[in-house]
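This report refers to the structure that appears directly beneath it.
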Amino acid sequence: MPQADLAWLLAAFALVALMFPGLAFYYGGLLGKNNILNMFMMVLSTLAVTAILYVLYGYGMVSGNSVAGLGIVGNPFEFFGMIGFESDDGSGGPQSIYWAAFFVLFAAITVAIVASGAAGRMRFGAWIIFSAIWLTVVYFPIAHWVFTYTDEETGYVGGWLRNVVHLHDFAGGTAVHMTAGVGALALALVLGKSKAPQAKPHNLPFAILGAGILWFGWFGFNGGSAAGANFLSQYVVMTTLLAGCAGIIGYLAIERVRDGRPSALGLATGAIAGLVGITPSADAVNPLGALAVGAASGAVVCWAITWKQKWGVDDTLDAFAVHGIGGIVGTLCVVLIGAKSAPAGVTGLVFGGDWSILWRELIAIAATCLYAFIATYAIAWTLNKVMNIRVDEETEHRGLDLTLHAESAYAEVE
Amino acid sequence: MKIVTAVIQPYRLEQVKNALADTLHTGLTVSDVKGYGVQKGHTEMYRGTEFQVDFRPKVRIDLIVTDEDAEGVIQTIVMAARTGSLGDGKIWTQDISNVIRVRTGERGVEAI
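As you go down the protein sequences, you meet chains A and B in turn. Those letters in the first sequence? Residues 1 to 414, by UniProt numbering. Those letters in the second sequence? Residues 1 to 112, by UniProt numbering.
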């Protein structure tokens, strides 16, 4: 029923669109009270930048026929201006114009997560330029590798990870979460540490509300990736729910042992970690497996979230731990506990599956993380040479809301 | 005339206010302040990172009384604010030379 598919997908689109204010509140609440508006600007501006690029060449680079058939990047000129999308093919279901809109949200939320690595110390204009270049050089190619299928009948060539390596990634554990997490780490390395003393989270209720809105959006993110109103969509909505819930338990258990107390921020972080973990695996595990994915992602992310202190990298909002490591854990869960009976039909190693799944996923993880890290580092390093991407120290101390935007979030802040 | 200033635990404000209201018929001014005494600050933990919070929230009470009432007010505040733990706060008094009621222009003890 194409009309039923379209109805669900339009609803899923709306759910995913709400992830932007969700992420803005989640990130903004964790910063000091002088930087929240700047973080809102960084997160929400990505939607504007992405939409423009997508109409021009983004859709072609992601979903277009592979340049020279190599599976590296789609033809940027193929859908230039989305010309041709304005006519109805009469199918009644989702058409290219719908997928273009849905994919704009995927691309924009990915670069928005990267803002973690620059929180409270990047010039806003530099962020806009960085995000445009980053989408073009990092996200569009990786999304092509992962999301674009080869069509033998039409001779259309898709991405190499999907069609040559045959990775299993349901909704973007690699292209969205690992890419963003590793990108945040590389950007944080180039920018260097924050000079102002790290403020404790100024509004945890905002952060937790934001995490809740993100979870709400995730049902559209994973549910819409089922591409229709079908068994798969209801299946992944359930596994998405289960993994978020188990993520809470996994994170809080480790936190209780390590820090002595379970925390509200830990609960929110654990839920997001579980959701990241289920993104690549939502169709490949059974319900018990979804609980295991969530618990493992939550527990490992709780551990990984302390690494930045040892490494001395100021990935301020922990995108590397939550999205990078969480995405890797979720992908490895497919390898280990993929269930033959689940819609994807992947048998994990624990259940006697073929070892090829391990190599396929390891290649996908390594290719995504290495390329995202090196390319992000190169972009940020080069930008830093040609322009000033970082604010001066005094600006950092006074907070970016007032200095960059001439606003303050709260009336009492001077 | 004296001004009595007390810095106390925020959660004892209700008791102090009630105790003062029972014995005294003047107003008082309350403000939120931060600081530390011998107990110093405390640590908070976010995502495995410790944050040292140096200044604890306290409540400051200021009230103006006649010289005769001062000792009684001090006793009342001590009784109502004391928990016996570190961080119960301090009270001090200062002599003041004049008080003016804005509405009527009354001065001195009349204006208290």
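Backbone N, C-alpha and C define an ideal beta-carbon position, used for all residues, glycine too. Computed from a predicted model, the values in this text were never measured in an experiment.
CB contact check: residue i to chain B, cutoff 8 Å
i	result
K200 of chain A	yes
D315 of chain A	no
Q309 of chain A	yes
I272 of chain A	no
L265 of chain A	yes
residue 418 of chain A	An answer regarding residue 418 of chain A cannot be provided, because it is not within the stretch 1 to 414 covered by chain A.
T306 of chain A	yes
D392 of chain A	no
D259 of chain A	yes
T269 of chain A	yes
V413 of chain A	Below a pLDDT of 50, predicted positions are generally treated as unreliable, and V413 of chain A, at 47, falls in that range; the measurement from the model is reported next regardless. So no, V413 of chain A is outside the interface.
T395 of chain A	no
Spatial neighbours of residue i in its chain, beta-carbon cut-off 8 Å, leaving aside the 5 residues before and after
i	result
residue 114 of chain B	Examination of residue 114 of chain B is not possible in this model, given that chain B is present from 1 through 112 alone.
V391 of chain A	R121, M122, R123, L400, T403 and L404
Q9 of chain B	K58, V59, A81, T83, G87, D88 and G89
G27 of chain B	L63
A70 of chain B	K2, V4 and T93
L6 of chain A	G92, G93, P94 and Y98
Cβ-Cβ distance between residue i and residue j below 8 Å
i	j	result
K58 of chain B	K40 of chain B	no
G210 of chain A	G32 of chain A	no
V137 of chain A	A375 of chain A	yes
I109 of chain A	A319 of chain A	no
I325 of chain A	R47 of chain B	no
A339 of chain A	V285 of chain A	yes
A229 of chain A	V313 of chain A	no
V165 of chain A	A364 of chain A	yes
G270 of chain A	L252 of chain A	yes
I112 of chain B	V65 of chain B	yes
I142 of chain A	Y377 of chain A	no
Q94 of chain B	I3 of chain B	yes
G81 of chain A	T331 of chain A	no
S281 of chain A	C333 of chain A	yes
residue 416 of chain A	G327 of chain A	Here chain A covers residues 1 to 414 and nothing more, so residue 416 of chain A does not appear.
G74 of chain A	G60 of chain A	yes
F51 of chain B	K200 of chain A	yes
G117 of chain A	L214 of chain A	no
V16 of chain A	F221 of chain A	yes
A296 of chain A	G250 of chain A	yes
F103 of chain A	V62 of chain A	yes
M39 of chain A	A126 of chain A	no
Q3 of chain A	G93 of chain A	yes
G58 of chain A	F130 of chain A	no
L135 of chain A	A367 of chain A	no
S96 of chain A	F85 of chain A	yes
Supposed contact pair residue j and residue i - C-beta distance, whole angstroms, cut 8 Å
i	j	result
A290 of chain A	T239 of chain A	4 Å
V73 of chain B	M1 of chain B	About 12 Å; that fails the 8 Å criterion.
F13 of chain A	G224 of chain A	7 Å
L267 of chain A	I248 of chain A	5 Å
I254 of chain A	W303 of chain A	6 Å
I357 of chain A	V350 of chain A	Not confirmed; about 11 Å, so no contact.
Q309 of chain A	T29 of chain B	Rounded, the Cβ-Cβ distance is 44 Å, inconsistent with contact.
R398 of chain A	L167 of chain A	Their Cβ separation, rounded to whole angstroms, is 46 Å, which puts R398 of chain A and L167 of chain A out of contact at 8 Å.
Any chain A beta carbon closer than 8 Å to residue i
i	result
T23 of chain B	no
E44 of chain B	yes
F51 of chain B	yes
residue 167 of chain B	In the structure as shown, chain B starts at 1 and stops at 112, and residue 167 of chain B therefore has no counterpart that could be examined.
Residues of its chain near residue i, where Cβ-Cβ distance is below 7 Å and the 5 sequence neighbours each way are ignored
i	result
K17 of chain B	none
V43 of chain A	F20, L23, A24, Y27, A112 and A115
Y156 of chain A	N65 and T150
E78 of chain A	G60, G64 and N65
W92 of chain B	T5
N384 of chain A	V190
A100 of chain A	Y54, Y59, M82 and F85
Cut-off 6 Å between Cβ atoms - residues of its own chain near residue i, not counting five sequence neighbours on either side
i	result
H202 of chain A	G32 and K33
P343 of chain A	L232, Y235 and D283
S31 of chain B	R60
V55 of chain A	M82
G183 of chain A	V114, A372 and T376
L262 of chain A	The sequence given here has Pro at residue 262 of chain A, not Leu. So the list reads L252, E255 and R256, once near-sequence residues are dropped.
V7 of chain B	K58, R60, G89 and K90
Item checked: Sequence ranges, alpha helix (DSSP H) only - wholly within the stretch 256 to 313 of chain A, length at least 4 -> 264 to 278, 287 to 304 and 307 to 311
Inside the stretch 1 to 80 of chain B only - beta strand (DSSP E) runs reaching at least 3 residues:
2 to 8, 29 to 35, 42 to 46, 49 to 53 and 56 to 65
Alpha helix (DSSP H) segments (min. 4 residues) lying fully within the stretch 9 to 97 of chain A | 19 to 30, 36 to 53 and 59 to 63
Notebook entry, point to check: Going along the chain, which unbroken runs of the alpha helix (DSSP H) with 4 or more residues stay wholly within the stretch 353 to 386 of chain A?
Noted result: 356 to 386
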